[in-house]
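Asks: Let me give you the structure first, and then I'll get to my questions.
Protein chains: 2
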Amino acid sequence: MTYSLEQLRGFVAVAEELHFGRAAVRLRMTQPPLSRQIQKLEAAVGVQLLERDNRRVRLTPAGYAFLNEARRILAIAEAAPALAKRVSSGMRGVIKLAFTSASTFGILGRILDHLDLDLPEVHIELFEMVTREQLDALTAGDIDLGLARPPFDPELFESRLLHREALLLAVHEDHPLSELRRPVVPADLTREPLIFHSQQKARYFYDLVVSMVPLAQERVIHTVSQVITMLWLVSGGRGVAFVPESARLIGIPHVNYLPIATPIVDPVELHLLWPRRSDNPALPRAISALSFLMH
Amino acid sequence: MTYSLEQLRGFVAVAEELHFGRAAVRLRMTQPPLSRQIQKLEAAVGVQLLERDNRRVRLTPAGYAFLNEARRILAIAEAAPALAKRVSSGMRGVIKLAFTSASTFGILGRILDHLDLDLPEVHIELFEMVTREQLDALTAGDIDLGLARPPFDPELFESRLLHREALLLAVHEDHPLSELRRPVVPADLTREPLIFHSQQKARYFYDLVVSMVPLAQERVIHTVSQVITMLWLVSGGRGVAFVPESARLIGIPHVNYLPIATPIVDPVELHLLWPRRSDNPALPRAISALSFLMH
DNA sequence: TCGATTGATACCTTGACGGTATGACGTACT
DNA sequence: AGTACGTCATACCGTCAAGGTATCAATCGA
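As given, the protein sequences belong to chains A and B, one line each in that order. Read left to right, the first sequence gives residues 1 to 295 (the working numbering). Read left to right, the second sequence gives residues 296 to 590 (the working numbering).
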């Protein structure tokens, strides 16, 4: 035997009015079915909830306790549809956002700030992934938004350029190149020990540097995938490294950042990307909340 | 338009099975009415909760959010009857317990400990009241149990003796009476400044001392209602006072407690009392949990 | 003692829910 | 490609439960 939400509404009304007739008016029904509702409810609960003679109605202690539970149930039951609608409209929900480690530090903060402001009921889950992992996770539906570097398959993904920045050469502050008064050119680096990007894990930077700064790679002494690791090696005097301008924000000590002569200015691109087919209603809202960041 | 608990149960089953047929089996019904239940529920909520084609069933984001709410509702709805029954049986509830200030410190701790142990779901609310106030509050139903001193009207209240203790004379440790090697008698006090009980607020002690220690009251210099106040005055060398033995527990410095020759030993009584007519189901349980303390 | 108030009961009608039968549609296997 | 199967939706029917009206029973106050 169980009970219904209608019975709970009836019980709450009677408990508040302590009068079957007035409670029935409030519920827009007549008194007899309300009396039966309460009887049925008491039978279902297995306990007398209301003490009533022909003159007055009182809550029993059990009725008082049950009233609390009934109110909690009804409160949730009445709020739930509006909640579901907010989720459905994308005003509330979860966005899973992946980013590529240190290089996105600068813009990630602004992204989170604006999402928080525009969509306070949307919770952002953060994942650190390299671009390759992001593409797989977006396709699988494991994440909704990526902060990554090209190229992307335009069939599967939509993307917007968020940010371009310069490629700089990180050198130790005591290094003779720090004295250079002009942009670095490949010829300056023929004898330098190079800390280079992993071709697998940091393919974007690998390809970018190879195309921007044609030089022999015999001098590569470390192969690294994370910018922050490169900077620590430079800070320790182990060589020089190509890093995006935003690496400056990390604040590693004893490192100078030198301009490089590149065929195009600010060649390092950062994109926001998302799957063309997503069923997360919060995604379009998040994208338009971030549109002011896009170029 | 609203929805029913049965619809929620149906929805939760389908959401968990992601299959109408299996969910229907679990609910011991056939598949067609379950399909209609879900349709009705979606109409009531105003949002599509399940994405379904003829091959597979999936939760929409809104459906996922609504599933959480549905589970919360059903969890409360299923637990509520058992809760109400525990309240009705007195295993769970609230006991409002009044006590008479400092003199009950010793036994109050033991009472609370044992109630906590025997009736962990019964919450004890404490009130500090003098005996007179306790009687009124018990009659009005504002409190359930009192810890007070006689007399009580046996028509209205049931009571049990919890504790008898000696009446002692509190004196400053430098006072000459401290050197006495026998019980104090009235004749010892003819010239002492007396800190005495208020006849209104501390009537029990007033009457008790007057009957136990017949003496002229010309020497009364302070009239006080609380034991602790008396002790501070004694500690400050302002006089001597009659206090119950448990006053020692308060630990006021520089006070000695001297035995008094009284017609009966341990004349100070402390009773547990409660109204004969109470509708608090936790009260009988509390009383029997405390029966081992009674004489 | 009688009338008014209030919750409970009797009886009726309606509508909602579950069951059976069947349809529509898509998948998988031969 | 065709057919059999699986799966959710729809049509139709019977039952049962919920609400309405009329009335009863009990209590209180004048």
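C-beta: ideal position from N, C-alpha, C; glycine also. Predicted, not measured: the structure shown is a model, and the values here were computed from it.
If the criterion is Cβ atoms closer than 8 Å, does the pair Leu41 of chain A and Leu162 of chain A meet it?
Replies: The count along the first sequence starts at 1 and reaches residue 41 of chain A at position 41. The count along the first sequence starts at 1 and reaches residue 162 of chain A at position 162. Going by C-beta atoms, Leu41 of chain A is not nearer than 8 Å to Leu162 of chain A.
Asks: Run down chain A in chain order and give the residues with a C-beta less than 7 Å from the C-beta of Glu420 of chain B.
Replies: Here residue 420 of chain B corresponds to residue number 125 of the second sequence, with the count starting at 1. Result: empty, since nearest Cβ-Cβ is about 14 Å, beyond 7 Å.
Asks: Is Arg72 of chain A close to chain B? Criterion is C-beta to C-beta, closer than 8 Å.
Replies: Start at 1 with the first residue of the first sequence, and residue 72 of chain A comes out as number 72. Yes, Arg72 of chain A counts as interfacial toward chain B.
Asks: Considering only residues of the same chain and omitting the five flanking positions on each side of Arg89 of chain A, which have a CB-CB separation below 7 Å?
Replies: For the purposes of this step, residue 89 of chain A is taken as the residue at position 89 of the first sequence. The amino acid occupying residue 89 of chain A in the given sequence is Ser; Arg does not appear at that position. These residues qualify, in order along the chain: Pro281.
Asks: For chain B, is any of its Cβ atoms less than 8 Å away from the one on Lys40 of chain A?
Replies: Residue numbering aside, residue 40 of chain A sits at position 40 when the first sequence is read from its first letter. No - not a single Cβ of chain B is within 8 Å of the one on Lys40 of chain A.
Asks: Can you give me the Cβ contacts of Val268 of chain A inside the same chain, cut-off strictly under 6 Å, excluding the 5 residues immediately before and after it?
Replies: What you label residue 268 of chain A is simply residue 268 of the first sequence in a count that begins at 1. Counting only Cβ-Cβ distances below 6 Å, and skipping sequence neighbours, we find Glu165, Leu167, Pro244.
Asks: When DSSP builds the beta bridges, which residues end up paired with Ser299 of chain B?
Replies: Position 4 of the second sequence, counted from the start, is the residue given in the question as residue 299 of chain B. Per DSSP, none; premise fails for Ser299 of chain B.
Asks: If you measure from the beta carbon of Ile76 of chain A to each beta carbon in chain B, is any gap under 8 Å?
Replies: Within the first sequence, residue 76 of chain A is the residue found at index 76, counting from 1. So yes, Ile76 of chain A belongs to the interface.
Asks: Around the Cβ of Ala23 of chain A, are there at least 16 other Cβ atoms within 10 angstroms (buried) or fewer (exposed)?
Replies: On the first sequence, residue 23 of chain A is found 23 positions in, with the first residue counted as 1. So Ala23 of chain A counts as buried.
Asks: Take the Cβ of Met424 of chain B as the centre, count every other Cβ of all protein chains shown within 10 Å, and call the residue buried at 16 or more, exposed below.
Replies: The count along the second sequence starts at 1 and reaches residue 424 of chain B at position 129. When all chains shown are included, Met424 of chain B counts as buried.
Asks: Looking at the structure shown, is Gly146 of chain A part of a helix, part of a strand, or coil, going by DSSP?
Replies: For the purposes of this step, residue 146 of chain A is taken as the residue at position 146 of the first sequence. Reduced to three states, the DSSP call for Gly146 of chain A is strand.
Asks: Quick one: which chain A residues come within Cβ less than 9 Å of Asp574 of chain B?
Replies: As a position in the second sequence, residue 574 of chain B is number 279, starting the count at 1. Ordered by position in chain A, the residues that pass the 9 Å Cβ test against Asp574 of chain B are Glu51, Arg58, Thr60, Pro61.
Asks: Taking only the alpha-carbon atoms, compute the straight-line gap between Glu450 of chain B and Arg571 of chain B and give it to the nearest angstrom.
Replies: Sequence index remark: in the second sequence, residue 450 of chain B carries index 155 (1-based). Sequence index remark: in the second sequence, residue 571 of chain B carries index 276 (1-based). Their Cα atoms are separated by approximately 8 Å.
Asks: For Val504 of chain B and chain A, any beta-carbon pair shorter than 8 Å?
Replies: If you number the second sequence from 1, residue 504 of chain B lands on position 209. False, the Cβ-Cβ gap to chain A never drops below 8 Å.
Asks: May I ask you to verify whether the stretch 283-291 of chain A touches the stretch 195-208 of chain A, counting CB pairs closer than 8 Å and requiring at least 3?
Replies: No: the two stretches stay apart, fewer than three of their Cβ pairs being nearer than 8 Å.
Asks: Distance cutoff 8 Å, beta carbons only. Does Pro151 of chain A sit that close to anything in chain B?
Replies: Indexing the first sequence from 1 puts residue 151 of chain A at position 151. Chain B contact via Cβ: absent.
Asks: Kindly indicate which three-state DSSP category Phe105 of chain A falls into: helix, strand or coil?
Replies: If you number the first sequence from 1, residue 105 of chain A lands on position 105. Phe105 of chain A: helix per DSSP, three-state reduction.
Asks: CA-CA distance, Val45 of chain A and Tyr64 of chain A?
Replies: Start at 1 with the first residue of the first sequence, and residue 45 of chain A comes out as number 45. Start at 1 with the first residue of the first sequence, and residue 64 of chain A comes out as number 64. Looking at the two C-alpha atoms, the distance is approximately 13 Å.
Asks: Taking the C-alpha atoms as reference points, what is the distance between Leu169 of chain A and Gly236 of chain A?
Replies: Counting from 1 along the first sequence, the entry for residue 169 of chain A is found at position 169. Counting from 1 along the first sequence, the entry for residue 236 of chain A is found at position 236. Distance between the alpha carbons of Leu169 of chain A and Gly236 of chain A is about 15 Å.
Asks: I'd like to know whether the C-beta atoms of Leu290 of chain A and Ala148 of chain A end up nearer to each other than 8 Å.
Replies: The count along the first sequence starts at 1 and reaches residue 290 of chain A at position 290. The count along the first sequence starts at 1 and reaches residue 148 of chain A at position 148. No; because the gap between Cβ atoms is not below 8 Å, this pair is not in contact.
Asks: By the criterion of Cβ-Cβ separation under 7 Å, what are the contact partners of Ile391 of chain B in chain A?
Replies: The count along the second sequence starts at 1 and reaches residue 391 of chain B at position 96. The displayed chain sequence assigns Lys, not Ile, to residue 391 of chain B. Within 7 Å Cβ-Cβ: nothing; Lys391 of chain B doesn't reach chain A, min ~12 Å.
Asks: Pair every Cβ in the stretch 228-235 of chain A with every Cβ in the stretch 246-256 of chain A, then say whether three or more of these pairs are closer than 8 Å.
Replies: Yes: at least three Cβ pairs fall under 8 Å.
Asks: Do the stretch 398-418 of chain B and the stretch 429-436 of chain B meet, that is, are 3 or more Cβ pairs less than 8 Å apart?
Replies: Too few Cβ pairs lie closer than 8 Å, so no.
Asks: Nearest to Glu192 of chain A by alpha carbon, out of A:Asp207, A:Arg26, A:Val220?
Replies: Here residue 192 of chain A corresponds to residue number 192 of the first sequence, with the count starting at 1. Among A:Asp207, A:Arg26, A:Val220, the Cα nearest to that of Glu192 of chain A belongs to A:Val220.
Asks: When you compare only the Cα positions, how much space is there between Ala482 of chain B and Val382 of chain B?
Replies: Position 187 of the second sequence, counting from 1, holds the residue named residue 482 of chain B. Position 87 of the second sequence, counting from 1, holds the residue named residue 382 of chain B. In a straight line, the C-alpha of Ala482 of chain B is about 58 Å away from that of Val382 of chain B.
Asks: So that I know if they touch, is there some Cβ in chain A lying closer than 8 Å to that of Ala360 of chain B?
Replies: The residue you call residue 360 of chain B lines up with position 65 of the second sequence. Closer than 8 Å to some Cβ of chain A, the Cβ of Ala360 of chain B qualifies, so yes.
Asks: DSSP beta-bridge partners for His295 of chain A?
Replies: Counting from 1 along the first sequence, the entry for residue 295 of chain A is found at position 295. DSSP output for His295 of chain A lists no bridge partner at all.
Asks: Quick check: the Cα distance between Val480 of chain B and His590 of chain B, rounded to an integer number of angstroms?
Replies: Sequence index remark: in the second sequence, residue 480 of chain B carries index 185 (1-based). Sequence index remark: in the second sequence, residue 590 of chain B carries index 295 (1-based). Those two C-alpha atoms are separated by around 29 Å.
Asks: Indicate whether at least one CB of chain B lies closer than 8 Å to the CB of Pro33 of chain A.
Replies: What you label residue 33 of chain A is simply residue 33 of the first sequence in a count that begins at 1. No, because no Cβ of chain B sits closer than 8 Å to the Cβ of Pro33 of chain A.
Asks: Straight-line CA distance for Arg427 of chain B to Glu420 of chain B?
Replies: Here the question's residue 427 of chain B lines up with position 132 in the second sequence. Here the question's residue 420 of chain B lines up with position 125 in the second sequence. Cα to Cα, Arg427 of chain B sits roughly 19 Å from Glu420 of chain B.
Asks: Considering only C-alpha positions, which residue in the set B:His492, B:Leu510, B:Val352, B:Val504 is nearest to Val519 of chain B?
Replies: The residue you call residue 519 of chain B lines up with position 224 of the second sequence. Val519 of chain B has its Cα closest to that of B:His492, out of B:His492, B:Leu510, B:Val352, B:Val504.
Asks: In whole angstroms, what is the alpha-carbon distance linking Ala241 of chain A and Phe105 of chain A?
Replies: Residue 241 of chain A sits at position 241 when you count from the first residue of the first sequence. Residue 105 of chain A sits at position 105 when you count from the first residue of the first sequence. Going from the Cα of Ala241 of chain A to the Cα of Phe105 of chain A covers about 19 Å.
Asks: In the stretch 79-91 of chain A, which residues sit with their C-beta less than 7 Å from some C-beta in chain B, listed in chain order?
Replies: Those residues of the stretch 79-91 of chain A that come within reach of chain B (Cβ to Cβ, closer than 7 Å) are Ala80, Pro81, Leu83, Ala84, Lys85, Val87, Ser88.
Asks: What residues from chain A crowd round Val340 of chain B, counting only those whose CB sits closer than 9 Å?
Replies: Within the second sequence, the letter at position 45 stands for residue 340 of chain B. Ala80, Pro81, Ala84, Lys85, listed in chain order.
Asks: Taking buried to mean at least 16 other C-beta atoms within 10 Å of its own C-beta, is Pro214 of chain A buried or exposed?
Replies: Numbered from its first residue, the first sequence carries residue 214 of chain A at position 214. Flag for Pro214 of chain A reads exposed.
Asks: Just the C-alpha distance for Val14 of chain A and Ile368 of chain B, rounded to the nearest angstrom, thanks.
Replies: On the first sequence, position 14 is the one that residue 14 of chain A refers to. On the second sequence, position 73 is the one that residue 368 of chain B refers to. Val14 of chain A and Ile368 of chain B: Cα-Cα distance of roughly 21 Å.
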